[in-house]
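Asks: Per our numbering, the sequence shown runs over residues 874 to 1018.
Positions of the beta carbon are idealized from the N, C-alpha and C atoms, including for glycine.
What you are looking at is a predicted structure, and each value in this text was computed from that prediction instead of being measured.
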Amino acid sequence: MSGPKEKLEGVRERIASACKASGRAAESVTLIAVGKTKPWSELAAFASLGVRDFGENYVQEALTKQESARAAGLELRWHLIGTLQSNKAKFIPGNFTLFHALDSLSLATKINRAAANQGLVQDCLIEVNVDLEGDRKSTRLNSSH
């Protein structure tokens, strides 16, 4: 069984290979270590190897891990990569470098309001359903045209 160092080297090699094949610089890729359900001790091992970006699916779990990272003196960039319940929008600004799954105007409004209250601008990636598969409301609207 390989440890964190070997796993990280393998991932970095695959990134470098893919970048070479596509003519892209490997330095232009951000490696995000996803720590969903993993204890802080496992993430800390990767942080000690130079990983600085960590993705989490659950806000409360991420906030706990962020506290542990700060206590260890680590400055890391945190990404929320899962869907977000709108009542947790207030936790995004100031705690996450990037929110990867913005999927509604109402959620955008709540995150923006929370960010403005802290004097921040929150970076988000917008999730777009381009084929409308599985989205009955959008499909129904689409089929009426």
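1. So which of Gln-991, Gly-955, Thr-956, Glu-929 has the shortest CA-CA distance to Leu-949?
2. Exposed or buried, which one is Lys-893 when buried takes at least 16 other CB atoms within 10 Å?
3. Opposite Glu-929 in the DSSP bridges: which residues?
4. For Thr-970, which residues from the same chain have a beta carbon less than 8 Å from its beta carbon, with the 5 sequence-adjacent residues on both sides left out?
5. For Glu-915 versus Gly-908, is the C-beta spacing smaller than 9 Å?
6. For the alpha helix (DSSP H) that contains Leu-922, what are its first and last residues?
7. Nearest to Asn-1002 by alpha carbon, out of Leu-975, Asn-990, Val-994?
8. Tell me which same chain residues have a C-beta within less than 7 Å of the C-beta of Trp-913, skipping the five on either side of it?
9. In angstroms, rounded to a whole number, what distance separates the CA positions of Ala-899 and Leu-998?
10. How is Phe-964 classed by DSSP in three states: helix, strand or coil?
11. Classify Ile-999 as helix, strand or coil using the three-state DSSP reduction.
12. Give the secondary structure of Leu-1020 by DSSP, where H, G and I count as helix, E and B as strand, and everything else as coil.
13. Among Gln-991, Gly-967, Glu-1000, Ile-965, whose alpha-carbon lies nearest the alpha-carbon of Leu-978?
Replies: So, from the data block:
1. When only C-alpha atoms are compared, the closest one is Glu-929.
2. Taking all protein chains in view, the Cβ of Lys-893 is surrounded by fewer than 16 other Cβ atoms within 10 Å, so the residue is classified as exposed.
3. Leu-953
4. So the qualifying residues of the chain are Asp-926, Arg-950, Trp-951, His-952, Asp-996.
5. Result yes, Cβ atoms of Glu-915 and Gly-908 sit closer than 9 Å.
6. It is not in any alpha helix (DSSP H) - Leu-922 carries neither H nor E in the DSSP assignment.
7. The closest CA to that of Asn-1002, considering only Leu-975, Asn-990, Val-994, is found on Leu-975.
8. Result list for Trp-913: Lys-938, Ser-941, in chain order.
9. 22 Å
10. helix
11. strand
12. Because the chain in this structure spans residues 874 to 1018, residue 1020 falls outside the shown range and cannot be described.
13. Out of Gln-991, Gly-967, Glu-1000, Ile-965, Glu-1000 has the C-alpha closest to the C-alpha of Leu-978.
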